[in-house]
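K.L.:
Take a look at the following structure, please.
See below:
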């Protein structure tokens, strides 16, 4: 059931959820560069800032477009509390993503568990200058 579930969730996110949530005050957004197009892409995410590290648990792991963009070019920007920060992202498949979710915002964790098909931890190390 992973294939149809992933396709349905992805369609809803691209066409309904992401365009709306990108505009919410306080919503974290990751900016990646399209691996084929070179266009800057903005994806709303739930995560938590711990010092200079921003933690995210991806719903669909390496099949998510923004994750494939990160694998092609790990330099990203992250908007946290309305402020943009530059950093370097990397997947941590060895990390316990379900355990990591318990440290992230509650609503985000519930949604990721509900719709996720391949939970994977994403760590973004922010540059010291902050933006």
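Residue numbers (the working numbering): 21 to 151. Idealized CB from N, CA, C, for every residue including glycine. These numbers were taken from a predicted model, which means no experiment stands behind them.
(1) Look at the Cβ atom of residue 66, then the Cβ atom of residue 125, and state whether they are nearer than 9 Å.
(2) Rank 77, 54 and 90 by C-alpha distance to the C-alpha of residue 136 and give the top, closest one.
(3) Per DSSP, what are the beta-bridge partners of residue 48 in this structure?
(4) Hey, could you find the ends of the beta strand (DSSP E) residue 107 is sitting in?
(5) What's the gap between the Cα of residue 99 and the Cα of residue 24?
(6) Name the DSSP beta bridge partners of residue 73, please?
(7) Would you tell me roughly how many angstroms separate the C-alpha atoms of residue 117 and residue 141, rounded to the nearest one?
(8) Buried or exposed, going by whether 16 or more other CB atoms sit within 10 Å of the CB of residue 127?
(9) Measure the beta-carbon distance from residue 143 to residue 110 and round it to whole angstroms, keeping in mind my assumption that it falls under 8 Å.
(10) Tell me, which residues are paired with residue 97 by DSSP?
(11) In chain order, what residues of the same chain have a beta carbon less than 6 Å from the beta carbon of residue 72, not counting five sequence neighbours either side?
(12) Where DSSP assigns a beta bridge to residue 80, which residues make up the other side?
P.N.:
A quick look at the data gives this:
(1) Result yes, Cβ atoms of residue 66 and residue 125 sit closer than 9 Å.
(2) 77
(3) 65
(4) Its beta strand (DSSP E) spans residues 103–112.
(5) One alpha carbon belongs to residue 99, the other to residue 24, and they sit about 31 Å apart.
(6) 70 and 145
(7) 5 Å
(8) The residue is exposed, with fewer than 16 neighbouring Cβ atoms inside 10 Å.
(9) 6 Å
(10) 51 and 106
(11) 146
(12) BP columns for residue 80 are empty, so no partner.
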